[in-house]
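The structure appears below as structure tokens.
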Amino acid sequence: MPQTALPQTSPDTLPGVLREQAALGSRLLLVVDTDALDYAGAESRSRTVAAALLAAGVGRGSRVAILMGNSSAFAVSFLAVTRLGAIAIPLSTLSTAVELQVLLRGSDAEYLLAAPAYRGLDLAARVRESIGSDAQTALMLPAFPALRRVWIGLDALEAADMSDTAAQAVAAAESQVSPADVLVIAHTSGSTSAPKGVIHTHGQVIRNMRGQNRLRDYTRDERLFSNSPFFWIGGLAYSFLSTLIAGARLICSGAQPQATLDLLEAQRPTMCNGVASTVLVLAAQPGFAERDLSSLRRGNLYPIMPPDTRPRDPELRCNLLGMTETGSVSLYGDGDSDLPEEKRGSFGRPVPGIRARVVDPDTGEDSSEGEFLVRGPNIMQGYYGRERWQCFDADGWFHTGDRMRIDADGDFYFLGREGDIIRTSGAQVSPREVEGAISDCTGGGMSLVIGVPDPQRGQVVTAVLVDAVGTDENALRDALAQRLSPYKIPRRFVHLTEAELPTLSSGKVDLKKLVELVS
Amino acid sequence: MSIETLPALLALRAEDSPGVDAVVDHDQRVGYAELDTRSRERAAWLVARGVNKGHRVGLLMENGCEWALNACAAMRIGATLVPLSTLLKPPELAAQLALAGVRQLVATPAFHGRDYRAELADLDRAALPSLAAVYFSDELGDGGTPDRFAVTDALADSVRPGDDMVVIFTSGSGGTPRGVIHTHGGALRANAAGLEARCIRRGERLYLPMPLFWAGGFAGGLVSALNAGATLLTEAIAEPAQTLGFLQREQVTLFRGWPDQAAQIALHPDFHPRQLETLKPGSLPALLPASPHGERTRQASLFGMTETFGPCCGYAMDTGMPADKAGSCGKPFAGIELRIVDPDSGEPLPAGKTGCLQLRGRNLFRGICGREREDTFTADGWFASGDLGRLDEDGFFYFAGRGDDMIKLRGVSVFPAEIANALESLASVQRAFVTGLELEGQLHVGAAILPEPGAYCVPLELERELATRLTSFKVPSRWHVLSSLEELPRTPTGKVDRPALCALLLGSA
Chain S
272 MPQTALPQTS PDTLPGVLRE QAALGSRLLL VVDTDALDYA GAESRSRTVA
322 AALLAAGVGR GSRVAILMGN SSAFAVSFLA VTRLGAIAIP LSTLSTAVEL
372 QVLLRGSDAE YLLAAPAYRG LDLAARVRES IGSDAQTALM LPAFPALRRV
422 WIGLDALEAA DMSDTAAQAV AAAESQVSPA DVLVIAHTSG STSAPKGVIH
472 THGQVIRNMR GQNRLRDYTR DERLFSNSPF FWIGGLAYSF LSTLIAGARL
522 ICSGAQPQAT LDLLEAQRPT MCNGVASTVL VLAAQPGFAE RDLSSLRRGN
572 LYPIMPPDTR PRDPELRCNL LGMTETGSVS LYGDGDSDLP EEKRGSFGRP
622 VPGIRARVVD PDTGEDSSEG EFLVRGPNIM QGYYGRERWQ CFDADGWFHT
672 GDRMRIDADG DFYFLGREGD IIRTSGAQVS PREVEGAISD CTGGGMSLVI
722 GVPDPQRGQV VTAVLVDAVG TDENALRDAL AQRLSPYKIP RRFVHLTEAE
772 LPTLSSGKVD LKKLVELVS
Chain F
4 MSIETLPALL ALRAEDSPGV DAVVDHDQRV GYAELDTRSR ERAAWLVARG
54 VNKGHRVGLL MENGCEWALN ACAAMRIGAT LVPLSTLLKP PELAAQLALA
104 GVRQLVATPA FHGRDYRAEL ADLDRAALPS LAAVYFSDEL GDGGTPDRFA
154 VTDALADSVR PGDDMVVIFT SGSGGTPRGV IHTHGGALRA NAAGLEARCI
204 RRGERLYLPM PLFWAGGFAG GLVSALNAGA TLLTEAIAEP AQTLGFLQRE
254 QVTLFRGWPD QAAQIALHPD FHPRQLETLK PGSLPALLPA SPHGERTRQA
304 SLFGMTETFG PCCGYAMDTG MPADKAGSCG KPFAGIELRI VDPDSGEPLP
354 AGKTGCLQLR GRNLFRGICG REREDTFTAD GWFASGDLGR LDEDGFFYFA
404 GRGDDMIKLR GVSVFPAEIA NALESLASVQ RAFVTGLELE GQLHVGAAIL
454 PEPGAYCVPL ELERELATRL TSFKVPSRWH VLSSLEELPR TPTGKVDRPA
504 LCALLLGSA
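What follows is the structure in structure tokens.
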């Protein structure tokens with residue numbers, strides 16, 4: 272039967288990649304515990320959903336929020352949205368109702384696709400609480416003026432029969448998508464309480480991940496185990512999209528530790544990536560030593576890797592530096608063998624498409640130690656709703672706020688934040704946001720939130736409550752849990768009087784000394 | 004501190020100038036309070052039909068109050084306005100609708116002999132998957148239920164300076180039209196930065212015979228008026244006799260546009276110099292009575308482009324420029340940096356050297372539809388405009404033509420503007436238009452000249468005179484003497500039509 276030629280689709284766009292990779296047919300793209308998606312299914316299921324979205328008014332440039340954990344439903348939703356040239360806005364499933372409000376409003380989301388539930392969280396209820404309405408269609412909510420429709424689960428979108436006309440409409444939409452179109456608005460925690468939506472285009476993300484796949488030799492023969500969440504850039508780009516582009520298989524697990532180990536034995540991943548502290552629980556399981564994880568040859572989840580692949584000392588393996596603004600990893604080095612001692616703690620060099628320098632923040636001149644600046648085609652377009660000059664300096668450099676050292680060979684070493692963002696177990700926490708929440712919950716109580724160094728988590732969120740003896744910590748924790756994601760809630764509370772706070776000559780609190788004091 | 008979003012500007016003007024005319028056409032006038040309330044009513048109607056923040060809303064309509072109302076309705080809710088030229092042929096229109104990803108199109112049913120209702124019905128909608136709806140201006144409605152108004156107002160409150168405001172297509176005189184994207188903040192600041200030099204102040208009544216769908220009319224006219232709290236006088240069709248009556252009735256104070264547009268009116272038998280007595284200095288000189296000293300002020304020729312949201316260089320138009328800056332376009336307005344680079348090496352050139360113009364700054368456009376940033380800007384943020392020129396020691400900019408006008412003679416880049424300037428410095432030559440042209444495989448310099456009134460130009464004599472001022476190979480060898488400026492071929496936007504000029508020069512051998 273003669274087939275109508277499909278319109279041209281640019282290979283540097285998500286629909287272009289998807290069309291090419293659909294040829295991998297029944298090979299698996301994604302396995303999340305018992306939930307699996309093959310390449311043909313990724314293409315066909317997302318086409319069905321795309322057709323239904325198109326019929327509901329979603330089109331090129333529409334902003335569609337996705338509130339789902341790692342799952343085939345997330346994958347299908349993301350692919351459906353972006354193959355139409357609409358913009359995906361992944362939202363953290365850890366978000367409280369208040370945080371969701373800020374994200375939905377700040378990103379001007381027009382549509383929301385949410386999973387009914389994820390890991391015991393009733394996301395449907397959270398969405399209702401957040402938008403303050405049970406309605407899902409024809410929304411006209413002054414608090415969310417751009418929001419028109421909510422879908423809980425994909426059932427309604429996948430139920431529709433795919434007509435030829437609908438399929439052609441999807442293909443026509445795909446042909447219009449350009450590498451310059453926005454693919455995703457990914458959120459980062461900001462240094463103020465307002466999270467920033469980072470804009471990345473199709474061309475940027477796809478070329479970046481192609482380049483990084485070559486760097487780390489990620490090919491279709493590999494199977495990657497990573498639990499990085501898809502709603503943050505690392506999981507989205509460096510795990511999910513790079514797997515799609517490589518034609519490989521991604522394995523995730525949200526199950527109980529023993530079931531996760533069963534999954535790893537059955538799926539036999541060859542690579543792993545993520546935050547090592549999150550797999551300590553697997554290595555601590557009874558019977559772990561008898562588990563066969565010999566398939567794992569490369570990666571950075573050392574606690575579960577075979578002994579012969581582990582570093583003598585993790586600091587002698589090249590670290591990865593990633594940021595939402597750089598579309599995931601920005602500094603990279605070969606992480607599969609040990610570095611010489613003089614390179615201890617190295618983060619390697621910039622990935623293709625990114626130029627980096629270290630600048631003395633006072634003089635603006637290149638320096639061996641100072642603030643880390645990046646620019647290049649793989650850097651974000653900017654923050655959603657902000658002008659370019661608010662995101663970059665006049666010469667196009669993005670000031671990361673990270674403090675770095677650069678050695679004579681051009682290798683970079685991370686020294687800390689120029690600012691004060693707390694990095695805990697792979698997540699970033701804005702102290703000012705937590706301080707604001709504490710103030711709200713205590714009726715204006717003063718606090719200082721700091722990151723205290725921790726061997727496992729990197730840093731631990733710690734709140735210094737000032738002149739607040741007698742505060743009921745459990746009640747405060749419960750109150751904070753209504754406002755903040757679990758990872759933002761201080762693990763430790765410390766009481767100090769105002770007189771006990773170390774101060775700088777300027778009279779401001781000396782945060783460095785404070786960290787030392789409570790450590 | 005300028006206002007940085009369109010909805011904030013509409014609200015401010017409704018408050019501080021409620022009774023002042025915002026826009027006046029032949030049939031209608033809309034004051035600032037009315038512009039705010041009526042554009043809100045129209046916006047609520049559009050919101051009820053699915054228009055949303057960020058949607059690209061096309062506007063295909065003749066100049067007039069309705070154009071301004073629909074444009075403000077779309078922009079006030081954060082939709083991105085896409086003005087479309089009424090001159091576009093159907094395939095060109097389809098290409099621009101696709102390139103900009105227009106979701107909803109507001110169109111005039113018919114204008115100037117074109118039946119848009121029929122033409123748009125013939126559009127291949129399957130090839131335009133983004134286009135959800137077409138509304139003709141005679142079927143637009145206003146208002147809606149209270150919740151629609153609440154959402155309409157909340158959308159207006161959500162608009163930030165960083166949100167896209169407009170996609171303006173270039174007229175295409177330099178190749179394929181480009182859809183140039185401006186944010187609210189960038190556009191309104193760029194415009195505000197030039198208002199003082201352009202003498203557009205509160206209370207002025209500005210006439211500009213340019214279509215609102217290109218940067219000249221949209222930025223230079225409509226947005227200038229809103230930004231200044233002035234009045235825009237606009238016409239669907241400019242016809243000298245009618246225009247004169249309109250301008251007299253509406254007490255025009257500023258007349259801007261292309262010099263020939265003013266000249267045409269000045270030539271009209273009904274025109275006499277005292278007729279437009281409300282006109283102020285800073286208007287096009289042809290319409291102003293000669294000054295008591297018998298000389299006209301030395302006005303800077305404003306320089307700008309779609310990418311700079313109208314003029315980005317200028318100088319106080321009422322007082323004129325310092326004598327030693329004759330021929331300059333003035334200085335760059337705040338928020339825009341200019342530099343000149345070597346055409347071959349790309350290295351910045353010192354003051355006084357002619358080369359390729361590059362621009363950057365907070366007020367520059369954000370990007371071009373369908374084009375990646377790296378294909379538009381250098382890594383350090385410079386945009387190569389394709390123009391030629393030089394900057395003097397004091398930062399005054401001198402325009403020297405388009406880069407594609409540059410003539411490569413004997414391996415040397417020759418700037419047509421340099422030759423034209425040399426010609427215009429001769430006593431007998433009023434205007435000169437110079438271009439490179441190919442004849443029998445050889446590149447030649449050609450010049451069309453308009454003699455000074457009463458003067459008589461003989462090409463051989465001009466060649467002899469020029470030889471004392473220019474290197475011999477720069478002296479034109481093909482000539483055409485124009486009987487009037489009307490004889491000069493122009494594009495629809497009033498720019499010199501280069502291919503037609505070449506044909507003219509080759510034809511009059």
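Residue numbers (the working numbering), protein chains in the order written: chain S, 272 to 790; chain F, 4 to 512.
Virtual Cβ for every residue (Gly too), placed ideally from N, Cα, C.
Chain S within 8 Å of residue i, Cβ atoms only
i      : result
F:R299 : With a pLDDT of 49 at F:R299, under the threshold of 50, the modelled position of this residue cannot be trusted; read the value that follows with caution. No, F:R299 does not count as interfacial toward chain S.
F:T179 : no
F:A98  : no
F:R43  : no
F:R79  : no
F:L158 : yes
F:G349 : no
F:R405 : no
F:G189 : yes
F:R369 : yes
F:R365 : yes
Sequence-distant residues of its chain with Cβ nearer than 8 Å to residue i (five each side left out)
i      : result
S:K784 : P773
F:K334 : C316, G317, Y318, D397, G398, F399, F400
S:S404 : L410, L412
S:V563 : Correcting the residue type first, residue 563 of chain S is Asp in the shown sequence and not Val. E536.
Partner residues on chain S for residue i, Cβ-Cβ distance less than 7 Å
i      : result
F:T186 : E658
F:P164 : E658
Listed by chain order, chain F residues near residue i by CB distance under 7 Å
i      : result
S:E381 : N55
S:D666 : D383, G384
S:R588 : Result: empty, since nearest Cβ-Cβ is about 32 Å, beyond 7 Å.
Residues of its chain near residue i, where Cβ-Cβ distance is below 6 Å and the 5 sequence neighbours each way are ignored
i      : result
F:A153 : none
F:W70  : M64, L215
Contacts of residue i in chain S (Cβ-Cβ under 8 Å)
i      : result
F:A130 : A443
F:S161 : R376, D379, P416, A417
F:R376 : A451, P648, Q652
Cross-chain neighbours of residue i in chain F, by beta carbon under 9 Å
i      : result
S:M411 : V50, A51, T148, D150, R151, A153, V154
Cβ neighbour criterion (16 or more within 10 Å) applied to residue i
i      : result
F:R79  : buried
S:S513 : buried
S:A385 : buried
F:K328 : buried
F:K92  : exposed
S:H471 : buried
Contact set for residue i: own chain, Cβ-Cβ below 7 Å, skip 5 residues either direction
i      : result
S:S366 : L374, S756
F:E44  : D145, G146
Proximity test, Cβ basis, 8 Å: residue i and chain F
i      : result
S:G518 : no
S:A437 : no
S:T472 : yes
S:L782 : no
S:A311 : no
S:R331 : yes
S:A326 : no
S:A440 : yes
Chain F residues whose Cβ lies nearer than 8 Å to that of residue i
i      : result
S:R334 : G57
S:Q447 : A101, G104, P132, S133
* Complete alpha helix (DSSP H) runs within the region 106-181 of chain F (minimum length 4 residues, chain order) -> 119-124, 149-161
* To do: Taking only runs that begin and end inside the region 476-563 of chain S, name each unbroken beta strand (DSSP E) of 3 or more residues, in chain order.
  => 494-497, 520-523, 542-544
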